[in-house]
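*Asks:* Sharing a structure here in structure tokens format.
Residue numbers (the UniProt record's numbering): 1 to 336.
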């Protein structure tokens, strides 16, 4: 959405949130958000993958945000290049001043010669992925992004807190963001901590969107304690089939459960039942563009898990991004 000649990227609406106030950036339309499970209701206003993007026409821009998480930071990029970062204190406004870059001509030249995905003239304020973000002020002589300043393709990623980016430390450090960077695409992040329940209305919403070129769906970990395998398979069946039917020309990569603590107990059968459910659903859809990916093959180094044995560490995020980007690019390059 556009706001004062800047693009609020990956933002569907600015909403009123009881715990925060007004002007909270939400990744979903509010009516849809309120219809989902309680975890997604809380997670949708957490600004994972959200950016404030603009071209600086004047000498300086001023952006003021407020954030609601104990541990977070905001990163300022010039196209693909990190410029600055700012730690955030909950409930305390953070003022970000953006001026001219001293090495702007060199950045522009390097980006062109290296065929980088973003134009260094484009300011990208990558917002914190944990907690809500309020946009309090946005001042300056600005212009919105031009199409040629961003990647030509967009990847929509749906999933759990892992896709959301928990334990990724920095906003740009999630496996979703790293995968998009490796593939040279823009990211639409619809990861919801605890909230990837594959509701049919969310499948309808994703199916109705036309602003993505391929999608990656991570399914299972958030409902492995909530549903039996048959109920999970019914959810997944509608979710995948609905999106695939609406976009038969687009690639759809379906990831089952990543390696996590239940995999280390041979007495627990549910993880394998959930993985089989995703695999069967992909077979039933019967499209060469709908692909199953085994989550265990994306995170193979168990040292890449944090101590909860669920969420990847920054090292785990990097391995997942390397393996996922490789799997996606190899498959999309094959003739269909």
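All C-beta atoms, glycine included, are put in the ideal place defined by N, C-alpha and C.
Within the same chain, show all residues whose beta-carbon is closer than 6 Å to that of residue 16, passing over the 5 residues directly before and after it, in chain order.
*Replies:* What you label residue 16 is simply residue 16 of the chain shown in a count that begins at 1. If we look at residue 16 and ignore the five residues flanking it on each side, its Cβ neighbours are 22.
*Asks:* Please name the residue or residues paired with residue 14 in a DSSP beta bridge.
*Replies:* Residue mapping note: residue 14 aligns to position 14 of the chain shown, counting from 1. Beta-bridge pairing links residue 14 to 25.
*Asks:* Less than 8 Å separating the Cβ of residue 10 from some heavy atom of the ligand FAD?
*Replies:* In terms of ligand content, the structure shown is empty, and the ligand FAD therefore cannot be addressed.
*Asks:* Would you identify the three-state DSSP class for residue 210, choosing helix, strand or coil?
*Replies:* Along the chain shown, one-based indexing puts residue 210 at 210. Three-state DSSP puts residue 210 in coil, outside helix and strand.
*Asks:* Does the distance from the CB of residue 327 to the CB of residue 299 come in under 9 Å?
*Replies:* Start at 1 with the first residue of the chain shown, and residue 327 comes out as number 327. Start at 1 with the first residue of the chain shown, and residue 299 comes out as number 299. Result no, Cβ atoms of residue 327 and residue 299 do not sit closer than 9 Å.
*Asks:* So, do the segment 155-175 and the segment 96-103 have three or more beta carbon pairs nearer to each other than 8 Å?
*Replies:* Counting Cβ pairs under 8 Å, fewer than three are found: no touch.
*Asks:* Quick check on the DSSP output: the alpha helix (DSSP H) that includes residue 232 runs from which residue to which?
*Replies:* Indexing the chain shown from 1 puts residue 232 at position 232. Here the alpha helix (DSSP H) through residue 232 covers 229-246.
*Asks:* Can you give me the start and stop residues for the beta strand (DSSP E) that residue 77 sits inside?
*Replies:* Within the chain shown, residue 77 is the residue found at index 77, counting from 1. From DSSP, the beta strand (DSSP E) with residue 77 extends over 73-78.
*Asks:* Rounded to whole angstroms, how far is the Cβ of residue 301 from the Cβ of residue 319, which I believe are closer than 8 Å?
*Replies:* Looking up residue 301 in the chain shown gives position 301. Looking up residue 319 in the chain shown gives position 319. The Cβ separation is near 6 Å, so the contact holds.
*Asks:* Residue ranges of each beta strand (DSSP E) run of no fewer than 3 residues wholly in the segment 182-207, ordered along the chain?
*Replies:* Those beta strand (DSSP E) runs which fall completely within the segment 182-207 and span 3+ residues are 186-191.
*Asks:* Between 210, 330, 178 and 220, which has its C-alpha nearest residue 192's C-alpha?
*Replies:* Stepping through the chain shown from its first residue, residue 192 is reached at position 192. It is 220.
*Asks:* Residues in its own chain within less than 8 Å of residue 280 by CB, not counting five upstream and five downstream?
*Replies:* Against the chain shown, residue 280 aligns to sequence position 280. Same-chain partners within the cutoff: 233.
*Asks:* Counting C-beta neighbours from all protein chains within 10 Å, is the total for residue 31 16 or more, i.e. buried, or is it exposed?
*Replies:* Stepping through the chain shown from its first residue, residue 31 is reached at position 31. Classification for residue 31: exposed.
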